[in-house]
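Written below as structure tokens is the structure these notes are about.
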């Protein structure tokens, strides 16, 4: 579906050639760039965001595997 494709492209999962905008290394680089790597609240929110993207990525992969089965 469109939503699955959007989630996969954001998270880089599902074999869709996503840009991986939510990769852990990219998020760390962004925090360092803006000088906020010591902000515990922001780190917590980014961890939640990253986790959500990973869940979406795995859900997309599982859905694609089910379609192929």
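In this note's numbering, the protein residues as written are 354 to 422.
Backbone N, C-alpha and C define an ideal beta-carbon position, used for all residues, glycine too.
Remember, it's a predicted structure, so these values are computed and weren't measured experimentally.
For the alpha helix (DSSP H) holding residue i, just list the boundary residues, first then last.
i           : result
residue 422 : Per DSSP, residue 422 belongs to no alpha helix (DSSP H) and is neither H nor E.
residue 378 : 377 to 386
Of the choices the options, whose alpha-carbon is the least far from that of residue i?
i           : options               : result
residue 376 : 397, 420, 402 and 415 : 402
residue 378 : 399, 392 and 413      : 399
residue 397 : 380, 413, 410 and 415 : 380
Three or more C-beta pairs below 8 Å linking the segment 384 to 394 and the segment 406 to 418: no
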